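Chemist: Starting off with a structure, shown below.
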């Protein structure tokens, strides 16, 4: 009995909870919550954590994986240059799943797959690369 009369939390905490519930409640005419109309998605509350999702979650890895083979033409950002221009090179060797060897300015450098982008086979080198 005594617990029922005890007042937990400050006034600001209670006001925040009331406002969250108000923003999550759907409107009778629009059938959308105010948060959905403003932000485009609902606010997640503790109750949402208890509910199971009816639709399966999409994996973040659904995008096609980058794949390079030895001899493929790739574009690599030149981090030695302040301008950071892209260089077009050929993959020399594959080191594991994500690392590759590429020759840049008479040196062989290792590059991660995320630092490379595939290009067409008929790309010609830029004038700065020919120097």
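Numbering (my numbering), first residue to last: -1 to 129.
The beta carbon of each residue, even a glycine, is placed where N, CA and C say it ideally should be.
All of these numbers come straight from a predicted model, not from anything done at the bench.
1) In chain order, what residues of the same chain have a beta carbon less than 7 Å from the beta carbon of residue 22, not counting five sequence neighbours either side?
2) Taking 8 Å as the cut-off, decide whether the C-beta atoms of residue 66 and residue 111 are in contact.
3) Quick one, are the C-beta atoms of residue 71 and residue 117 less than 8 Å apart?
4) State the start and end residues of the unbroken beta strand (DSSP E) segment that holds residue 15.
5) Note down the Cα distance separating residue 68 from residue 76, rounded to an integer number of angstroms.
6) Hey, residue 98 and residue 92: beta-carbon distance below 8 Å or not?
7) What is the C-beta distance between residue 74 and residue 114, in whole angstroms, given that I count them as a contact (C-beta under 8 Å)?
8) Let me check one thing: in DSSP terms, what residues is residue 114 bridge-paired to?
9) Judging by CA-CA distance, which residue of 25, 109, 9 is the nearest neighbour of residue 90?
10) Name the one or two DSSP bridge partners that residue 97 has.
11) Which of helix, strand or coil does DSSP assign to residue 26?
Modeler: The answer reads as follows:
1) Here residue 22 corresponds to residue number 24 of the chain shown, with the count starting at 1. Cβ neighbours of residue 22 within its own chain (closer than 7 Å, five residues either side excluded): 31, 33, 40, 41, 43.
2) Residue numbering aside, residue 66 sits at position 68 when the chain shown is read from its first letter. Residue numbering aside, residue 111 sits at position 113 when the chain shown is read from its first letter. Contact flag set, yes.
3) In the chain shown, the residue the question calls residue 71 occupies position 73. In the chain shown, the residue the question calls residue 117 occupies position 119. Their beta carbons are under 8 Å apart, which means residue 71 touches residue 117 by this criterion.
4) Along the chain shown, one-based indexing puts residue 15 at 17. No beta strand (DSSP E) holds residue 15; the alpha helix (DSSP H) holding it covers 9 to 22.
5) The residue you call residue 68 lines up with position 70 of the chain shown. The residue you call residue 76 lines up with position 78 of the chain shown. Each residue's alpha carbon lies about 20 Å from the other.
6) On the chain shown, position 100 is the one that residue 98 refers to. On the chain shown, position 94 is the one that residue 92 refers to. One thing to note: residue 98 has its Cβ within 8 Å of the Cβ of residue 92.
7) Counting from one through the chain shown, the residue named residue 74 turns up at place 76. Counting from one through the chain shown, the residue named residue 114 turns up at place 116. With 8 Å as the limit, residue 74 and residue 114 qualify as a contact, their Cβ atoms being about 6 Å apart.
8) Residue 114 sits at position 116 when you count from the first residue of the chain shown. Per DSSP, 74.
9) As a working mapping, residue 90 is identified with position 92 in the chain shown. Nearest C-alpha to residue 90: 109.
10) In the chain shown, the residue the question calls residue 97 occupies position 99. In the DSSP output, where bridge partners are listed per residue, residue 97 has 93, 110.
11) Taking the chain shown and counting its residues from 1, one reaches residue 26 at position 28. It is coil, neither helix nor strand.
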